[in-house]
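Notes follow once the structure below has been shown.
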């Protein structure tokens, strides 16, 4: 079983839609959780950290469910510029490295 | 914005050449990483370092080697490049503590002819 699993998509949504991505992780001792965004042929960029109580940054909301070992990302009022691959990231068993999911592809259309 | 730099951005070179990909960060981060990523595919960790004189192999076996003589510098070397080494190589760093995110450089896109 992979450490971090994501639905690869693609998710095709119209502008203005709300879209949610889920991600599951296998290591119950994981302490650090992040969502990254990666544009085509670019480097991953940190979108937001995920905190136990859930957190929001503008149109983006991240939730963590430790009991079920899953993380979610909700994007409200989608913009064309949100089109990208979203990577779910969890710290590894060693604690020094991070495990990256394969990513979920989002395409927002006019 | 993270200050981590990779050079060159693009490299096209013939088989058998020795290549060094440079990565430097000015944030004083102890931990640094190298990833390999093919187009449309997932990231694979190939090397990481906890600090000066520390290097570890990642999840994906790689013929490359790394060194960490200075905190800010984490170069990756291929002694004899082959077409199978064609890929994008991404360097990242993170600060102290186990809960820090990684910040990535722009990457080096390597093509071996």
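Chains as they are written, first to last, in my numbering: chain P, 1 to 110; chain S, 1 to 113.
For every residue, glycine included, the Cβ atom is placed at its ideal position computed from N, Cα and C.
{"Item": "Among P:64, P:48, P:72, P:56, the one whose alpha carbon lies nearest that of residue 7 (chain P)", "Value": "P:72"}
{"Item": "Residue 43 (chain P), buried or exposed, once every other Cβ within 10 Å from all chains shown has been counted against 16", "Value": "buried"}
{"Item": "Contact with chain P by residue 33 (chain S), beta-carbon distance below 8 angstroms", "Value": "yes"}
{"Item": "Validate contact between the stretch 75 to 85 of chain S and the stretch 81 to 101 of chain P using beta carbons, cut 8 angstroms, 3 pairs", "Value": "no"}
{"Item": "Bridge partners - residue 23 (chain P), DSSP secondary structure assignment", "Value": "P:6, P:71"}
{"Item": "Assigned exposure category for residue 101 (chain S) - 16 Cβ within 10 Å defines buried", "Value": "buried"}
{"Item": "Within chain S, the residues that residue 110 (chain P) reaches when beta carbons sit closer than 9 angstroms", "Value": "Per Cβ cutoff of 9 angstroms: no residues; residue 110 (chain P) is ~24 angstroms from chain S at best."}
{"Item": "Residue range of the unbroken beta strand (DSSP E) whose run includes residue 22 (chain S)", "Value": "19 to 25"}
{"Item": "Which residues DSSP lists as bridging residue 37 (chain S), in chain order", "Value": "S:88"}
{"Item": "Test: residue 31 (chain P) CB closer than 8 angstroms to a CB of chain S", "Value": "yes"}
{"Item": "Residue 25 (chain P) to residue 107 (chain P) span [Cα, whole Å]", "Value": "24 angstroms"}
{"Item": "3-residue-minimum beta strand (DSSP E) runs that sit fully inside the stretch 38 to 66 of chain P, ordered along the chain", "Value": "45 to 49, 55 to 57, 60 to 65"}
{"Item": "Counterpart residues of residue 89 (chain P) in DSSP-defined beta bridges", "Value": "P:34, P:100"}
{"Item": "Proximity of residue 44 (chain S) and residue 60 (chain S) at Cβ, strictly below 8 angstroms", "Value": "yes"}
{"Item": "Proximal chain S residues relative to residue 21 (chain P), where beta-carbon distance stays under 9 angstroms", "Value": "What residue 21 (chain P) touches in chain S: nothing, since even the nearest Cβ is about 15 angstroms away."}
{"Item": "Listed by chain order, chain P residues near residue 53 (chain S) by CB distance under 9 angstroms", "Value": "Here the premise fails: no neighbours, minimum Cβ distance about 15 angstroms."}
{"Item": "Close Cβ partners of residue 102 (chain P) (< 7 angstroms) along its chain, the five nearest in sequence each way excluded", "Value": "6, 8"}
{"Item": "Best match in S:17, S:33, S:96, S:62 for proximity to residue 24 (chain S) [C-alpha to C-alpha]", "Value": "S:33"}
{"Item": "Residue range of the unbroken beta strand (DSSP E) whose run includes residue 5 (chain S)", "Value": "4 to 7"}
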